[in-house]
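I have placed the structure first, in the form of structure tokens, so that the comments after it can refer back to it.
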Amino acid sequence: MDFINAILVLLNYTIIPALTYGSQLALGAIFVTLIYGILRFANFATGDMMSFGTMFAVLLTYYFQSLGINLGIFPTALITIPFATFMMILYMLSIDKFVFEYYRIKKSPPVQLAMVSVGVMFVTQAIIRIIIGPADRTFLDGEKFILKASEFKEMTGLNEGLTIKSTQAITIVITMIVVSIMFWFLNKTKTGTSMRAYSDNEDLALLSGIDPKKVVLITWIIAGILATIGGILYGLDKSYRPFVYFNNMLPIFAAAIVGGIGNPFGAFLGGYVIAFAEIFLTYAYKKFFTYILPEALEPNSMMQLLSTDYKFAVSFSILVIVLLFRPSGIFKGKTL
Amino acid sequence: MRQYTNVIAAYLIMFTLIILVGIFQSWSIALTILNYCLISAVMTIGANIQWGYAGLINFGIMGYTALGGLAVVLVSVAPVGEAWRAGGLNMIICLGVIVGIVFSIRFTLKKIAKSKSRNYLIAAIIIVGILLLRLISAPAIESIEAVEPAKTGFLGGLGLPVLFSWIVGAFLAGGLAFVVGKVALGLRADYLAIATLLIAEIVVSIIKHEDWLARGVKNVIGLKRPAPYEINLQQSPWFIELVEKFHSGKLALINSVSEKQEVLKQLVIDASSVYVKLCFTGLFLTVVIILLIVTQKALYSPWGRMMRAIRDNEEAAGAMGKNVVKQHLLIFILGSAIVGIAGAMMVTNDGLFTPGSYRPMRYTFVIWVMVIVGGTGNNFGAILGGFVVWFLWVEAAPIALFFINLFTAHLPETNEIRVHLINSAPYFRFLVIGTALLVIMRFRPQGILPEKIIKN
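Residue numbers (the numbering used here), protein chains in the order written: chain A, 9 to 344; chain X, 187 to 642.
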């Protein structure tokens with residue numbers, strides 16, 4: 009019995025939150041990796057682009073709520089996904105047209121493009137703050153919990169309850185759907201194959217008649233979908249605050265590089281690697297050990313490896329270690 | 187002379203702008219802007235050495251700035267005796283343990299051939315070392331932080347003059363740069379950018395959360411100053427006389443004695459803040475001029491030529507027998523050390539150390555915009571960039587407010603769009619800076635004052 013309780017503690021406080029956070033990071037990391045693999049630059053505007061899409065979801069949610077439209081037990085934000093994604097793609101394509109295209113045609117070095125993306129980051133942040141302001145907002149409505157701790161305890165008669173928030177379930181399910189569609193697209197369709205070819209060897213791809221404009225267009229569309237959905241899921245689960253989104257860029261970069269940049273599947277797994285490492289290393293295991301150890305051995309400290317203040321530092325240290333020992337990432341990305 | 191016309195013109199415009207702020211807003215604001223411009227200029231000199239001379243991309247400027255600020259606390263604050271007695275010894279032992287770990291790792295790396303077992307050995311050393319550190323430091327940290335947590339709760343510093351900390355800041359930042367450089371300099375440009383960005387974030391999070399070191403997010407206030415305090419100035423007779431003399435014409439117009447006293451008092455208060463800021467301006471200007479002379483000399487020396495050669499073609503320079511790795515590391519350390527000086531200068535200027543305020547936006551990306559807008563590879567350009575961008579950063583909000591009022595003048599006061607726009611005026615600074623960067627990158631990629639190569 010104690011063993012089941014111990015497992016429940018882990019599930020409740022580490023595994024489920026880590027899966028959720030990992031899914032959110034994974035979507036962002038695939039976005040970074042696609043831009044890096046096909047457009048060939050590190051996009052420092054990642055966090056703010058996700059924030060931009062989410063901003064529309066927040067505004068539309070408020071609008072729909074004022075009209076009285078909702079999805080019952082599901083959050084209203086789910087209806088806004090197509091609209092927000094559309095706006096996001098429109099924004100990305102116009103940025104590409106006015107900013108990035110020039111450097112791509114000129115074949116500027118990646119560093120220059122990264123610098124330009126810093127400029128895009130500034131402008132995007134300004135637009136977001138001017139439209140919606142820097143405040144913290146929650147836009148979650150509908151049913152908050154799928155399973156409450158008290159209900160679970162009644163059902164099973166165990167000491168520990170299992171809580172599953174609806175946002176956690178929604179995040180994991182939607183991520184799985186989006187990611188599977190994306191991998192199917194990249195691996196099975198003709199356009200997806202041409203994108204991978206373009207990413208592997210641009211010159212060869214051009215020689216075999218792949219239209220670069222179409223590849224770039226599709227890349228931005230997929231990137232827009234990933235960025236918006238990732239941003240909305242994060243905002244639903246925690247809350248929407250532009251500054252936090254900017255900061256999220258850092259673990260997302262870590263996930264993309266740990267997974268091997270340019271490799272979408274690596275980025276997907278990298279998101280979970282980062283999330284699990286962050287949560288497992290900063291969780292206080294006292295409760296867990298009280299359940300599994302005999303009473304004599306019960307710990308009196310918190311059994312915490314690192315204080316939660318160092319959450320971000322964990323993911324960055326992992327990144328540094330990976331860069332040192334396996335610069336192409338755990339799952340072999342582009343060679344550096 | 188003619189080749190310098192654009193440099194002189196650009197600087198003249200910049201100083202005219204600052205003087206205009208003095209006339210239209212106030213001299214105190216103008217001097218604050220000028221001081222921050224000078225601090226930014228030191229940062230851009232540091233970043234420009236790395237990016238302009240050597241082509242190294244360092245997105246970790248925030249970390250070095252924070253270390254420079256930490257140096258001010260560690261050097262100038264008086265030591266907290268009680269905290270030292272409570273846990274000083276343990277912390278010194280910890281320092282010894284860290285040194286021990288580093289040297290034993292170096293020893294293993296040198297003496298044992300590359301193999302899997304060597305990696306395991308190093309991992310074991312690190313894990314054992316960290317456990318040892320936690321065992322020794324945990325009780326000490328607790329007792330140090332318990333010493334008057336509202337006022338101190340940290341070890342304090344050395345109680346030395348604050349100017350000394352500028353040098354210490356340079357050494358701390360340089361030391362970090364040595365470690366980072368050893369680790370990350372082999373990476374390709376954009377990976378180096380990401381790695382340095384994240385390492386800086388780690389440094390700041392350590393400063394933020396290790397309260398025993400510098401009180402963390404509880405901030406250290408009331409730091410020493412290399413300039414007189416306003417309160418003391420307002421009471422010293424020589425200063426009051428000076429102000430009286432300076433404003434004698436204005437004061438002569440007032441007849442009643444009591445009114446004259448009132449006006450003089452107000453003038454003295456204003457003048458004292460201007461005087462203090464002028465003292466800082468003098469100090470900062472000295473630093474900027476010294477750095478400018480040294481970096482200019484270095485740029486046109488054989489060493490500077492070698493750096494440019496390495497930047498433009500690493501392989502060729504390597505083939506000519508130049509040690510590319512060593513030079514990269516050297517310039518990474520030098521540039522970061524200069525940024526460390528700037529960090530110390532900034533904390534000295536503010537008189538307080540607030541680790542929570544170190545954010546990559548303000549301390550890394552804005553500095554980079556300065557370097558690129560001003561002119562990479564040209565010290566005069568980098569300094570000008572520091573001035574221009576800082577000026578825009580500060581004055582963007584008032585200017586935006588002016589234009590918002592202009593364009594929405596026909597709307598009623600309570601119009602929702604107008605109120606919303608006026609409230610969001612501060613965020614126009616991001617728009618201005620971002621647009622400036624994009625425009626410069628597109629139409630004048632070498633910056634306002636491009637790199638000049640003197641050929642004999």
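Beta carbons are placed, not taken as given, at the ideal position from N, Cα and C, and that holds for glycine.
Shortest Cα-Cα distance from X/G273 to any of X/N244, X/A457, X/L399 involves X/L399. Here A/R334 is exposed. Its C-beta has fewer than 16 other C-beta atoms within 10 Å. In the DSSP assignment, the residues bridged to A/K173 are A/F153. Within the region 616-639 of chain X, those residues whose Cβ lies closer than 7 angstroms to any Cβ of chain A are, in chain order, F616, L617, I619, G620, T621, L623, L624, M627, R628. Neighbours of X/I225 in chain A, taken as residues whose beta carbon is under 8 angstroms from its own, are absent, since the nearest beta carbon is some 21 angstroms off.
When secondary structure is reduced to three states using DSSP, X/Y544 falls in the coil class, being assigned neither helix nor strand. A direct Cα-Cα distance of roughly 35 angstroms separates A/I46 from X/W576. The DSSP assignment places complete alpha helix (DSSP H) segments of no fewer than 4 residues inside the region 163-213 of chain A at 174-196, 198-208, in order along the chain. For A/Y253, the uninterrupted alpha helix (DSSP H) run begins and ends at 250-266, by DSSP. Note that the C-beta distance between A/I260 and A/G55 is below 9 angstroms. Around the Cβ of X/G286, a 10 Å sphere holds fewer than 16 other Cβ atoms; the residue is exposed. Residue pairing for A/R145: DSSP places it in a beta bridge opposite A/Y248. A direct Cα-to-Cα measurement between X/S543 and A/Y248 gives close to 21 angstroms. X/V365 is the residue among X/I527, X/V365, X/D397, X/G315 whose C-alpha sits nearest the C-alpha of X/T382. With the rule of 3 Cβ pairs closer than 8 angstroms, the region 83-96 of chain A counts as touching the region 226-237 of chain A. In this chain, the alpha helix (DSSP H) harbouring X/E500 covers 500-505. Any Cβ of chain X closer than 9 angstroms to the Cβ of A/T227 would place that residue at the interface, and such an atom is absent. Non-local beta-carbon contacts of X/V552 in its own chain, meaning distances under 7 angstroms to residues more than five positions away in sequence, involve V575, W579, I619 in chain order. Around the beta carbon of X/Y190, a 10 Å sphere encloses fewer than 16 other beta carbons of the protein chains shown; the residue is thus reported as exposed. Uninterrupted alpha helix (DSSP H) stretches at least 4 residues long and entirely within the region 406-471 of chain X occur at 416-421, 423-432, 434-438, given in chain order.
In this structure, X/V389 places its C-beta atom within 9 angstroms of the C-beta atom of X/G249. Between the alpha carbons of X/Y306 and X/I298 lies a distance of about 12 angstroms. Taking C-alpha positions only, X/N509 is separated from A/A321 by approximately 33 angstroms. Here X/V228 has V473, V474, L477, I524, I527, A528, M531 as same chain residues with Cβ atoms under 7 angstroms from its own Cβ, once five neighbours each way along the sequence are excluded. Within the DSSP bridge table, the entry for X/Q236 names no partner. By the beta-carbon neighbour count (other beta carbons within 10 angstroms, threshold 16), X/E331 is buried. For X/R271, the enclosing alpha helix (DSSP H) stretches over residues 267-297. Not one beta carbon of chain A lies nearer than 9 angstroms to the beta carbon of X/D456. For X/A381, the nearest CB of chain A lies under 9 angstroms from its own CB, placing it at the interface with that chain.
With a cut-off of 8 angstroms on Cβ pairs, the region 195-211 of chain X is not in contact with the region 454-472 of chain X, counting fewer than three such pairs. Separation of the CB atoms of X/I558 and X/G633 is rounded to 6 angstroms, and the pair is thereby assigned contact status at 8 angstroms. For X/A264, the three-state secondary structure derived from DSSP is coil. Ranked by Cα distance from X/L362, the options X/A252, X/L464, X/V449 are led by X/A252.
When DSSP states are grouped into helix, strand and coil, X/L371 belongs to the coil group.
Look at X/A233: its C-beta is not under 9 angstroms from any C-beta on chain A. Chain X has a Cβ within less than 9 angstroms of the Cβ of A/R137.
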